[in-house]
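Here's the structure, in structure tokens; my notes come after.
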DNA sequence: TCTCAATTTAGAATAATTCTAGACTACCTT
DNA sequence: AAGGTAGTCTAGAATTATTCTAAATTGAGA
Ligand SMILES: [Mn+2]
Ligand SMILES: [Mn+2]
Ligand SMILES: [Zn+2]
Ligand SMILES: [Zn+2]
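Protein chains in written order, with our numbering: chain A, 89 to 228; chain B, 89 to 228.
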């Protein structure tokens, strides 16, 4: 067992932060709870900031950005830029793809095995691939 | 034959604009020439504005944005947002995919037939797919 | 040539994000 | 249990891509 689990079977927020080498400050703990409490999410900085306010979590917008970027750097989140207006942070860091609903700007996960790629070209100059993103843009 | 061709075999910029229902103004003509002169390109508004300046084409930045959006609305261009810092406009409007070089921010086309997708899920609620984008992110 | 909607433009406005620099705090050492 | 210090937080300013405004210009049909 590499990380402690709660009786419910999930890793606590405190342990997640510690494991990532991030100090578990009051702000990071609160934001991490909002992010990882249940299920996977695609959330913008502004959205998370508003959720925090709604729950009387006193945290500045700058800290929300700092936390999102710190979490991303430590692979607790993945950043996604599809719409140029703002970026999303994805709590699902495993291999997967997305539906993008053009009207609402919402993202929905597609499990990795739902997409089967039979052929992909090699990057020029033998460069290393960091990730392959498949985005199905939907008129809705 | 649906459009006139030059002796070299390509459709003139004037005819492209007319066919799209866009007035061929001095500014649009100049920008269209820069965009479509040779080969496919991925260009930002700022880049195009600078090219125009370099060639002494007197055009405002607002007009560059207007033209890029008008061209996109009329399917002469496709807009791509991969990097949240700015969007690119692609002169290749046919089906194709992209390499994205993370260090430089550059995009490179992948021909449609180089990517073979064996399985793709249906959008929920039977919504219509407007496009499937495959982006191979490369560490280079 | 006359007319007018379409287009252009300078400059202001907007909005997401980042930066600055001083205050605060988690946590290691003693 | 203090003290010291690097790490973190934050208000507010700054940055930057993009859009908006409103007045001037212009393309194209009558
Ligand atoms: Mn970012
Ligand atoms: Mn745009
Ligand atoms: Zn996702
Ligand atoms: Zn392309």
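Every residue, glycine too, gets a C-beta built ideally from N, C-alpha and C.
As assigned by DSSP and simplified to three states, the class of residue i
{"i": "residue 125(A)", "result": "coil"}
{"i": "residue 106(A)", "result": "helix"}
{"i": "residue 141(A)", "result": "helix"}
{"i": "residue 210(B)", "result": "coil"}
{"i": "residue 223(A)", "result": "strand"}
{"i": "residue 217(A)", "result": "strand"}
{"i": "residue 114(B)", "result": "helix"}
{"i": "residue 99(A)", "result": "coil"}
{"i": "residue 164(A)", "result": "coil"}
{"i": "residue 131(B)", "result": "strand"}
{"i": "residue 178(B)", "result": "strand"}
{"i": "residue 199(A)", "result": "strand"}
{"i": "residue 90(A)", "result": "Below a pLDDT of 50, predicted positions are generally treated as unreliable, and residue 90(A), at 47, falls in that range; no measurement from the model is reported."}
For residue i, the nearest candidate out of the options (CA to CA)
{"i": "residue 123(B)", "options": "156(B), 150(B), 107(B)", "result": "156(B)"}
{"i": "residue 208(A)", "options": "224(B), 196(B), 193(B)", "result": "224(B)"}
{"i": "residue 162(B)", "options": "227(B), 222(B), 109(B)", "result": "109(B)"}
{"i": "residue 102(A)", "options": "164(A), 220(A), 200(A)", "result": "164(A)"}
{"i": "residue 144(A)", "options": "119(A), 178(A), 227(A)", "result": "119(A)"}
{"i": "residue 127(A)", "options": "107(A), 172(A), 179(A)", "result": "179(A)"}
{"i": "residue 181(B)", "options": "201(B), 117(B), 105(B), 129(B)", "result": "129(B)"}
{"i": "residue 116(A)", "options": "99(A), 131(A), 152(A), 160(A)", "result": "152(A)"}
{"i": "residue 166(B)", "options": "99(B), 177(B), 172(B), 158(B)", "result": "177(B)"}
{"i": "residue 111(A)", "options": "205(A), 202(A), 158(A)", "result": "158(A)"}
{"i": "residue 185(B)", "options": "183(A), 168(A), 210(A), 189(A)", "result": "210(A)"}
{"i": "residue 171(B)", "options": "154(B), 218(B), 214(B), 190(B)", "result": "190(B)"}
{"i": "residue 173(B)", "options": "220(B), 125(B), 106(B), 132(B)", "result": "132(B)"}
{"i": "residue 219(B)", "options": "219(A), 226(A), 216(A)", "result": "226(A)"}
{"i": "residue 216(B)", "options": "175(A), 228(A), 183(A)", "result": "228(A)"}
{"i": "residue 188(B)", "options": "113(B), 168(B), 125(B)", "result": "168(B)"}
{"i": "residue 154(A)", "options": "113(A), 125(A), 141(A)", "result": "113(A)"}
With 16 other Cβ atoms within 10 Å as the buried cut-off, status of residue i
{"i": "residue 212(B)", "result": "exposed"}
{"i": "residue 192(B)", "result": "exposed"}
{"i": "residue 148(A)", "result": "exposed"}
{"i": "residue 200(B)", "result": "exposed"}
{"i": "residue 146(B)", "result": "exposed"}
{"i": "residue 104(B)", "result": "buried"}
{"i": "residue 90(A)", "result": "Any answer about residue 90(A) is weak, because its pLDDT of 47 lies below 50 and its placement is not dependable; what the coordinates show is given next. Exposed."}
Next item on the list: Please list the residues of the region 201 to 226 of chain B that have a C-beta atom closer than 8 angstroms to any C-beta atom in chain A, keeping them in chain order.
Entry: 202, 203, 204, 205, 206, 207, 208, 209, 211, 212, 213, 215, 216, 217, 218, 219, 220, 221, 222, 223, 224, 225, 226
Next item on the list: Give the residues from the region 158 to 187 of chain A that approach chain B closer than 7 angstroms (Cβ to any Cβ), ordered along the chain.
Entry: 169, 170, 171, 172, 175, 187
Check: Touch check for the region 136 to 152 of chain A and the region 190 to 200 of chain A: three-plus C-beta pairs under 8 angstroms?
Finding: no
Item checked: the region 102 to 123 of chain B: positions lying closer than 8 angstroms to chain A by Cβ -> none
Next item on the list: Identify each residue in the region 121 to 151 of chain A for which the Cβ-Cβ distance to at least one residue of chain B is less than 9 angstroms, and report them in chain order.
Entry: none
Check: Can you pull every residue whose C-beta falls closer than 5 angstroms to some heavy atom of ligand 5, listed in chain order?
Finding: Annotation note on ligand 5: not contained in the displayed structure, which lists ligand 1, ligand 2, ligand 3 and ligand 4 as its ligands.
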